[in-house]
Amino acid sequence: MKILIVEDTRAVAAVMAARLSALGHETSLAENGRVAVDRFREDPPDLVLMDIEMPVMNGFEATNRIRAHEATQSWAWTPIIFLTASDTAENLVTAIEAGGDDFMSKAVPEAVLQAKMKAMARIADIRQRLAVANRKLEEQANRDGLTGLANRRYMDLMVDLRWADAQRRKAPFALLMLDVDNFKKYNDRHGHQCGDDCLRAIAGAIAATVETSNAEGVTGDAFAARYGGEEFCVVLPQASAPAYEFVAAALVDAVRRLGIDHPDNAEWGVATVSVGGARAVVADGDLAPLFLTADERLYAAKHDGRNRARID
Ligand SMILES: [Mg+2]
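According to this note's numbering, the residues represented by the sequence shown are 374 to 685, in order.
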């Protein structure tokens, strides 16, 4: 375990650190409550051993602040054991009331120290596994199962956040709606299994285009999502007019260059997308009209013969 020892008396801290190291734990020291809170925020430990009487900030106050900080984080609770001069019932009650989980005498017998650390290591292990499971769940909840792109739910969430951010900064904001051309005919000819493969490949080309555009600094934090069915959306916060035009054209090119056989797609012979875009020079008011405009232009692109972008 990573154990943070908070103790102002150096000799006591050194002895405790040595004993815990001997049990195979990794320790770090903080000489008062304030340092402990900072250290905790920078590098959360698996366990805190907290002295009570300390200069600058005492153990109860530090525990309070650590609990307040934890409330804003995804992990729930790090065990805190108070280090006390004596084992009394009164000490235990005070420790629990103050947000601690247990208390331990600074002169704790070796067998008790080992037993307590064993129990704490079990808790740390469970917490770690929970954290991993939570991250996976969160990730899955945001991803579209078929294509691996962000899903509609996540896009709705992100697009509102980015729009609000653009409004605050009075920054531009653009979005592109993409629709796979004649996709129903593709499914009718090749079957839904191939249809899924086709969508996956197109999603891959969209994602790669957006990533490259971000990496090369054309866009900053553009992201792509599966909007539904064979529709995709690319959100371009703060996109300049040239960046917006560039990405729209690059998306059309990238999909066509995949060369996915699609004989029923008019004269193109391969799978293509149509793109409709809308851009606000300054983000202002409601976001809905931007989606509406992008949709209208998407239909115009279809009407004009597909495999093209209509963005103004
Ligand atoms: Mg002290």
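Cβ atoms here follow ideal geometry from the backbone N, Cα and C, with glycine treated the same way. Note that this is a predicted model, so its numbers are computed, not measured.
| Asked | Found |
| --- | --- |
| Near ligand 1: Met-427 beta-carbon under 7 Å from a heavy atom | yes |
| Cross-strand partners of Ile-684 (DSSP beta bridge) | Note: Ile-684 sits in no beta bridge, so no partner. |
| Beta strand (DSSP E) segments (min. 3 residues) lying fully within the region 611-681 | 646-653 |
| Own chain partners of Arg-535 with C-beta closer than 8 Å, once the 5 adjacent residues on each side are dropped | Phe-546, Asp-594, Val-608 and Pro-610 |
| Delimiting residues of the alpha helix (DSSP H) encompassing Ala-575 | Checking the sequence shown, residue 575 turns out to be Ile, not Ala. Its alpha helix (DSSP H) spans residues 565-588. |
| Buried versus exposed, by CB contacts within 10 Å (16 or more), Glu-584 | exposed |
| Reduced DSSP secondary structure (H/G/I, E/B, other) of Met-423 | strand |
| Endpoints, the beta strand (DSSP E) within which Glu-516 is located | The residue asked about is misnamed: residue 516 is Arg in this sequence, not Glu. Note, Arg-516: premise wrong, no beta strand (DSSP E); not H, not E. |
| Extent of the continuous beta strand (DSSP E) to which Ala-547 belongs | 546-553 |
| Cβ pair Met-490, Leu-572 closer than 8 Å | no |
| Rounded straight-line distance, which links the Cα of Asp-533 to that of Ala-682 | 24 Å |
| Residue span of the alpha helix (DSSP H) that contains Met-477, given as start and end | Here Met-477 belongs to no alpha helix (DSSP H); instead the beta strand (DSSP E) covers 475-478. |
| Residue closest to Arg-392, alpha-carbon to alpha-carbon, out of Leu-519, Trp-450, Leu-549 and Gln-487 | Gln-487 |
| Check: Thr-382 C-beta below 7 Å from any heavy atom of ligand 1 | yes |
| Inter-residue Cα distance where the pair is Phe-455 and Ala-435 | 11 Å |
| DSSP beta-bridge partners of Ser-401 | Leu-377 |
| Heavy atom of ligand 1 within 7 Å of Asp-419 beta-carbon | no |
| Where Thr-457 sits in the DSSP three-state scheme | strand |
| Contacting residues, own chain, Cβ-Cβ under 6 Å from Arg-652 (five flanking each side not counted) | Ala-547 and Tyr-617 |
| Candidates Thr-445, Pro-482 and Ile-425, of which the one nearest Thr-467 by Cα | Ile-425 |
| Ala-581 vs Ala-627 beta-carbon contact at 8 Å | yes |
| At least 3 beta-carbon pairs within less than 8 Å: the region 555-564 vs the region 631-642 | yes |
| Beta-carbon proximity check, Arg-648 vs Ala-674, cutoff 8 Å | The sequence shown places Val at residue 648, not Arg. Yes, the Cβ-Cβ distance between Val-648 and Ala-674 is below 8 Å. |
| Within 8 Å, strictly: CB atoms of Val-625 and Asn-680 | yes |
| Nearest residue (CA-CA) to Ile-376, options Gly-472, Val-553, Gly-406 and Leu-420 | Leu-420 |
| CB of Thr-400 within 8 Å of CB of Ala-390, strictly | yes |
| Expected contact under 8 Å - CB spacing of Lys-479 and Ala-458 to nearest Å | 6 Å |
| beta-carbon Asp-538 near ligand 1 non-hydrogen atom, thresh 7 Å | no |
| C-alpha distance - Val-429 paired with Ala-471, whole-angstrom precision | 18 Å |
| Exposed unless 16 or more other CB atoms sit within 10 angstroms - verdict on Asn-507 | exposed |
| Exposure of Ile-633, with buried meaning 16 or more beta-carbon neighbours within 10 Å | buried |
| Distance CB(Gly-650)-CB(Arg-670) smaller than 8 Å | yes |
| Helix, strand or coil at Glu-604 according to DSSP, with G and I counted as helix | strand |
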